[in-house]
Amino acid sequence: MGAVLGLVSAANLACCCTGTACSLCCSLCPSSLKSNSTATRFMYALMLLLGAIVGAIMLAPGLQDFLQKVPFCANSTSTAGHLIPNSDTIDCSSAVGYLAVYRICFALCCFFALWAVLMVGVRSSKDSRSALQNGFWGIKFMIVTGIAIGAFFIPETGFGPAWMWVGLIGGFAFILVQLVYIVDFAHQWAEAWVSNYEEEESRGWFAALCCATGLQYLLSLTGIALLYVYFTQADDCSLNKFFITF
1 MGAVLGLVSA
11 ANLACCCTGT
21 ACSLCCSLCP
31 SSLKSNSTAT
41 RFMYALMLLL
51 GAIVGAIMLA
61 PGLQDFLQKV
71 PFCANSTSTA
81 GHLIPNSDTI
91 DCSSAVGYLA
101 VYRICFALCC
111 FFALWAVLMV
121 GVRSSKDSRS
131 ALQNGFWGIK
141 FMIVTGIAIG
151 AFFIPETGFG
161 PAWMWVGLIG
171 GFAFILVQLV
181 YIVDFAHQWA
191 EAWVSNYEEE
201 ESRGWFAALC
211 CATGLQYLLS
221 LTGIALLYVY
231 FTQADDCSLN
241 KFFITF
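Heads up: the sequence shown is residues 1 to 246, going by this note's numbering.
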């Protein structure tokens, strides 16, 4: 009986570790979102979203106070420590703050770098390796979780500053790529509306283009003003002022 239950459990776990998990998550989506590639993008976006949520939780102000009540944490104020005999305590302070966020981002970066290497040369879904890209979601989430847990055992000495520079360089490169896409999107948007205006000779398209352009300028100026308010000081933060201005 136990063997039968074990086989059933293994079969269910195998289903969760293949494309079934992706299909279940996307079963409620519109039919236009149920293609394999679109579902794959959705699952990767979900993975990044969950990573961001976990990082935000680790920055929560009250989390440090909560961990002080956990019995296996060092310097715990809990009186339930005797319920865990011969247990070693750990420094739970390393599980919160910006260093904890660095470790979560490190896990995500390692996972996507690994998958980028595995997918080198794959140009279509007909490639045999495309199954790795579009399935095995349970295993993928377990890999990310395992890397994240292992990252918390990395010695803190030097990890924070080193990963800060990696984040600065990677963030700068990402912003450049993002700017290219934004400029291309704005160009195609304006070109389409101008074309509609010329073909239909309707002032509505021209007014819509002017309103959209004005709104974008207004949002940009508002964002710049907020950056000056929250990230600069009157007699300090010259580097921040330089980047915000230019």
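Glycine is no exception: its CB is placed at the ideal position from the N, C-alpha and C atoms. Fair warning: this is a prediction, and the values are worked out from it, not measured in the lab.
Within 10 angstroms of the beta-carbon of I104 lie 16 or more other beta-carbons, which makes it buried. By the neighbour-count criterion, in which a residue is buried when 16 or more other Cβ atoms sit within 10 angstroms of its Cβ, V144 is buried. N196 places its beta carbon 9 angstroms or farther from that of N36.
Contact check for I147 and A107: beta-carbon distance about 4 angstroms, within the 8 angstroms limit, so the pair qualifies. Residue environment for T222: exposed (fewer than 16 other C-beta atoms within 10 angstroms of its C-beta). Secondary-structure assignment with DSSP links Q233 through a beta bridge to D236. Under a 10 Å Cβ-count criterion, A100 is classified as buried, with 16 or more other Cβ atoms of the shown protein chains found around its own Cβ. Looking at G97, D236, A39, T38, the one whose alpha-carbon comes closest to that of V54 is G97. Taking the Cα of A212 as reference, the smallest distance to any Cα among E198, H187, F231 is reached at H187. Contact between L132 and L118 holds: CB atoms are separated by about 6 angstroms, below the 8 angstroms threshold. C-alpha of G160 to C-alpha of A208: approximately 48 angstroms in a straight line.
Residue state for M164 is assigned as helix, using DSSP reduced to three classes. When secondary structure is reduced to three states using DSSP, F159 falls in the helix class. In the structure shown, R103 adopts helical secondary structure according to DSSP, grouped into three states.
A straight line joining the alpha-carbon of F141 with that of F153 spans about 19 angstroms. With a threshold of 16 other beta carbon atoms within 10 Å, F246 falls short and is exposed. Remark: C-beta atoms of W165 and Y102 do not approach each other more closely than 9 angstroms. Residue state for S130 is assigned as helix, using DSSP reduced to three classes.
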